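See below for the structure under consideration.
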Amino acid sequence: MEPPAPPSNPESSALETLEKQLRSLVDIMLEASIAIHDVEGPQSNQIVASKLKETVSQFQSLLRIKDSITETVPQDVLQYIEDGRNPDVYTRDFVELVRKDNQFVNGKIKAARDFALIFGKELQYSFPELKDDVERVWRATGLGEATEEREMIKEGQINGNTTV
Numbered sequence: 006m007e008p009p010a011p012p013s014n015p016e017s018s019a020l021e022t023l024e025k026q027l028r029s030l031v032d033i034m035l036e037a038s039i040a041i042h043d044v045e046g047p048q049s050n051q052i053v054a055s056k057l058k059e060t061v062s063q064f065q066s067l068l069r070i071k072d073s074i075t076e077t078v079p080q081d082v083l084q085y086i087e088d089g090r091n092p093d094v095y096t097r098d099f100v101e102l103v104r105k106d107n108q109f110v111n112g113k114i115k116a117a118r119d120f121a122l123i124f125g126k127e128l129q130y131s132f133p134e135l136k137d138d139v140e141r142v143w144r145a146t147g148l149g150e151a152t153e154e155r156e157m158i159k160e161g162q163i164n165g166n167t168t169v
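Residue numbers (my numbering): 6 to 169.
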């Protein structure tokens, strides 16, 4: 007994159809270019004509399914392809850029968090009457759970003179 088929998603089905038709179109155009390059007599002319008819047919098929496709391709990707470059390279470069930006932002967040903890510690030291207020602010901003960092501050591993 076969397992039940996963529920079909009309959008993914349309994308799969589009992908198959585009791949088929590329194959047909490649075959046509080979046939054109190897033109030798009337039989080759028939092959070229047949491939051109298949190409037109593929374009008509693409035209029929165009309304079922809702996804858009970013202009940058299209330009990448127009320039003869591999869109997978674009994806890899984009992911690398996002990773770098993410590291940068995470560093900023960590620095701000460490600053808030150091500042709070110094406030508690200089103004002991504000200790409860500092603790309340730490809890309200999520630093109340930052016990590991607070312990590091107490031990001097994080202080106002070093960057982490």
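Where is the CB? At the ideal position from N, CA and C, for every residue including glycine.
Computed from a prediction, not measured in an experiment: that's the story for all the values here.
Exposure label - residue i; buried when at least 16 CB within 10 Å
i	result
K56	buried
I39	exposed
V139	buried
E134	exposed
I70	exposed
I114	exposed
G119	Correcting the residue identity first, residue 119 is Asp in this sequence and not Gly. Label assigned to D119: buried.
G112	exposed
G125	buried
Simplified DSSP state of residue i, which is helix, strand or coil
i	result
E45	coil
E36	helix
V78	coil
L20	helix
E59	helix
Integer Cβ distance of residue i from residue j, believed to fall under 8 Å
i	j	result
V61	A37	Their Cβ separation, rounded to whole angstroms, is 11 Å, which puts V61 and A37 out of contact at 8 Å.
V82	Y95	6 Å
L20	I74	7 Å
L148	A116	At roughly 14 Å, the Cβ-Cβ gap does not stay under 8 Å, so L148 and A116 are not in contact.
Q26	Q65	About 10 Å separates the two Cβ atoms, so there is no contact after all.
> Considering only residues of the region 88-153, which uninterrupted alpha helix (DSSP H) runs meet the minimum length of 4 residues and lie entirely inside it, listed in chain order?
Replying inline: 92-131 and 136-145
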